[in-house]
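S.K.:
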Amino acid sequence: MGKHWINGKHVRGETGDIFTTVSPAHDTTVGEYALGTANDIHSAVQAARSAFDSGHWPHLSGRERSEILHKTADQIRLNRNDLARLETLESGKPITQAEAEIDTTVDLWQYAATLARHTTGETYNNLGENKLGFVMREPAGVVGMITPWNFPLLIISQKLPFALAAGCTTVIKPSELTPGTTLKLALLAHESGIPEGVINVVTGFGDPAGSCLSEHKEIDMISFTGSTEVGRKIAASAGKNLKRCSLELGGKNPHIIFSDADLDAALDPVVFGVYFNMGECCNSGSRLLIQENIAHEFTERVLELAHTVPVGDPLNPDVKVGAIINSPQMEKIKHYVGSGSRSGARLRIGGSRIPTASGRFFEPTIFDQVTPAMTIAREEIFGPVLSILTFKTKAEAIQIANDTIYGLSAGLWTSNIDTAFEVSRAIRAGTIWINCFMDGHAELPFGGYGDSGLGRELGRFSIDEFTELKTVQLHVGPPKDSWL
Ligand code: NAD
Numbered sequence: 008m009g010k011h012w013i014n015g016k017h018v019r020g021e022t023g024d025i026f027t028t029v030s031p032a033h034d035t036t037v038g039e040y041a042l043g044t045a046n047d048i049h050s051a052v053q054a055a056r057s058a059f060d061s062g063h064w065p066h067l068s069g070r071e072r073s074e075i076l077h078k079t080a081d082q083i084r085l086n087r088n089d090l091a092r093l094e095t096l097e098s099g100k101p102i103t104q105a106e107a108e109i110d111t112t113v114d115l116w117q118y119a120a121t122l123a124r125h126t127t128g129e130t131y132n133n134l135g136e137n138k139l140g141f142v143m144r145e146p147a148g149v150v151g152m153i154t155p156w157n158f159p160l161l162i163i164s165q166k167l168p169f170a171l172a173a174g175c176t177t178v179i180k181p182s183e184l185t186p187g188t189t190l191k192l193a194l195l196a197h198e199s200g201i202p203e204g205v206i207n208v209v210t211g212f213g214d215p216a217g218s219c220l221s222e223h224k225e226i227d228m229i230s231f232t233g234s235t236e237v238g239r240k241i242a243a244s245a246g247k248n249l250k251r252c253s254l255e256l257g258g259k260n261p262h263i264i265f266s267d268a269d270l271d272a273a274l275d276p277v278v279f280g281v282y283f284n285m286g287e288c289c290n291s292g293s294r295l296l297i298q299e300n301i302a303h304e305f306t307e308r309v310l311e312l313a314h315t316v317p318v319g320d321p322l323n324p325d326v327k328v329g330a331i332i333n334s335p336q337m338e339k340i341k342h343y344v345g346s347g348s349r350s351g352a353r354l355r356i357g358g359s360r361i362p363t364a365s366g367r368f369f370e371p372t373i374f375d376q377v378t379p380a381m382t383i384a385r386e387e388i389f390g391p392v393l394s395i396l397t398f399k400t401k402a403e404a405i406q407i408a409n410d411t412i413y414g415l416s417a418g419l420w421t422s423n424i425d426t427a428f429e430v431s432r433a434i435r436a437g438t439i440w441i442n443c444f445m446d447g448h449a450e451l452p453f454g455g456y457g458d459s460g461l462g463r464e465l466g467r468f469s470i471d472e473f474t475e476l477k478t479v480q481l482h483v484g485p486p487k488d489s490w491l
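Take 8 as the starting number for the sequence shown in my numbering and just add one per residue.
(1) Ignore the nearest five residues each way along the sequence and tell me which others in S50's own chain have a CB closer than 7 Å to its CB.
(2) Determine the extent of the beta strand (DSSP E) in which W420 is found, giving its start and end residues.
(3) CB A216 to CB A364, shorter than 9 Å?
(4) In the DSSP assignment, what are the bridge partners of T478?
(5) Given 8 Å as the limit, tell me if C288 has its C-beta closer than that to any heavy atom belonging to the ligand NAD.
(6) Write down the C-beta distance between L76 and A123 rounded to the nearest angstrom, noting that I regard them as a contact closer than 8 Å.
(7) Is G258 near the ligand NAD, going by C-beta to nearest heavy atom under 8 Å?
(8) Assuming F369 contacts P391 (C-beta within less than 8 Å), just tell me the rounded distance between them.
(9) Should N157 be listed as close to the ligand NAD, given that the test is whether its C-beta is under 8 Å from any heavy atom?
(10) What residues are listed by DSSP as bridge partners for W440?
(11) Can you tell me which residues form a DSSP beta bridge with K16?
(12) Can you name the residues that DSSP bridges to Q298?
(13) What separation, rounded to the nearest whole angstrom, lies between the Cα atoms of F389 and C289?
(14) Give the DSSP bridge partners of A41, in chain order.
(15) Can you give me the C-alpha to C-alpha distance between T103 and T35, rounded to a whole angstrom?
(16) So is the beta-carbon of S359 under 8 Å away from any non-hydrogen atom of the ligand NAD?
(17) Are there 16 or more other CB atoms within 10 angstroms of the CB of P155, so buried, or fewer, so exposed?
(18) Residues in its own chain within less than 6 Å of K240 by CB, not counting five upstream and five downstream?
(19) Anyone know if the C-beta pair for A172 and S73 falls short of 9 Å?
(20) Under the DSSP definition of a beta bridge, which residues are partnered with N207?
(21) Output yes or no for whether 9 Å exceeds the beta carbon distance between S199 and Q117.
(22) Locate the alpha helix (DSSP H) running through R239, then write down its first and last residues.
Next up, the structure:
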């Protein structure tokens, strides 16, 4: 504890200063971490640079890289209980959910391991009799990765194994609120055979550690997941240094219920969609759009089910909604609840902090009579707050769904195949769920339109993100034409 992971070792930070993490549910100290400085970031980038420029990782065969990624997946599985407990203690999320996230993490590493053997290019044998063209993929280089606190291990695993599969080396700056599982992951990967310098982790805050990493001239790419506000800063530094940049940012995702939908089937996913991970989820279905002729009936059913959501100590396996990450986030949620009431929306349930001896818990909250112009229909709250709006026609549903700066994901429920496809095509978002919500698979790319981000993670497309294309042209046989 209290050290970075640089060049295959736990190392003390430049100043020796540390910071601590606190359990959002119990107010107890969870871990002590090195307070990263600009020089710590510089040491980590040097290690990653030398592992890329003169190390053997980028030159291993796909089979060799794949084997190490598979071993890492096995190690993650073996450490499931410890990782899940640490994730719950630092993030406040329910333990059963944390365990499920570790299982998904294993799957991501296994899937990325298969991609390591399928990083292919193209051959052009149609350029003329004496010509042959190859388009080859090469690893992009040193990738800086900056991650948030809401899904610490899952989000780093949407980036890291894919970058490793492509042959890149990495420097990671996890969230200052939840660095524990990322540090542990680096150690497990090392024990599985990842060479020194290929994964480096510097713990610390956005300023200076995060900003120094994103501004560092010796990285080749920055991959960021977090808020749209910080994402803009990252994109600005990447632009200044002409570095590749991929951004996974916020969302204000519409969840649309047409009157011809199977309402029994939609009910549980609507409630799950907004309260999963305490609503601290980029994919949260925080705007519920219900067709007017069923709005009253369906709203009442959502209210009734939301009342039953078990909130409490996230270490209790029966709990579905744990603790809010910290006091600023709690204040932000309260601010939006106040804004909803002041703007004329009707508070139907919740709206308050739950009084507890320790930790920070917030009631599942629902506003109806929300209009598209209200702040609670437009801004990402990142808490357990649902805004219910209504619409009359399909065209109006599409218009309201697209009336946002974001475009991460959307859900829709209908029994009409034409409605399903028409609306899926019309909504400007990276993922559309039809008659399901917040499903995900390693095979399917994920990312956002608009202010929700740039680029895609997951799927075989993720290899595109972490590789450069090189064109190689070959002349076959004696020279044919002279210039002079
Ligand atoms: P955040 O932007 O505050 O912080 C994210 C990371 O950036 C942290 O590691 C932080 O230390 C670092 N950081 C802060 N300032 C920085 C700077 N100036 N330069 C470089 N790094 C800096 O986000 P958060 O509060 O940790 O996470 C919540 C946000 O993340 C929400 O907006 C959510 O929607 C978004 N998110 C998006 C996805 C997605 O896949 N699209 C997934 C999860 C979370």
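C-beta: ideal position from N, C-alpha, C; glycine also.
M.R.: Working from what's here:
(1) Around S50: I13.
(2) From DSSP, the beta strand (DSSP E) with W420 extends over S416 to W420.
(3) For the pair A216 and A364, the CB atoms are not nearer than the 9 Å cut-off.
(4) DSSP output for T478 lists V142 as bridge partner(s).
(5) True, at least one ligand heavy atom lies under 8 Å from that Cβ.
(6) About 6 Å; that satisfies the 8 Å criterion.
(7) Yes; taking the cut-off as 8 Å, the Cβ of G258 has a heavy atom of the ligand NAD nearer than that.
(8) Confirmed, Cβ separation roughly 6 Å.
(9) At least one heavy atom of the ligand NAD is nearer than 8 Å to the Cβ of N157, so yes.
(10) Bridge pairing for W440: G418 [DSSP].
(11) BP columns for K16 point to I13.
(12) F398, per the DSSP bridge assignment.
(13) Straight across, the Cα-Cα distance linking F389 with C289 is about 8 Å.
(14) I25.
(15) Distance between T103 and T35, taken at the CA atoms: about 21 Å.
(16) No, since every heavy atom of the ligand NAD falls outside the 8 Å radius drawn around the Cβ of S359.
(17) Of the residues assessed, P155 falls on the buried side of the cut-off, its CB having 16 or more other CB atoms within 10 angstroms.
(18) Taking C-beta separations shorter than 6 Å and ignoring five residues to either side along the sequence, K240 has no partners in its chain.
(19) Against a cut-off of 9 Å, the Cβ pair of S73 and A172 comes out as a contact.
(20) Per DSSP, V178.
(21) For the pair S199 and Q117, the CB atoms are not nearer than the 9 Å cut-off.
(22) Here the alpha helix (DSSP H) through R239 covers T235 to N248.
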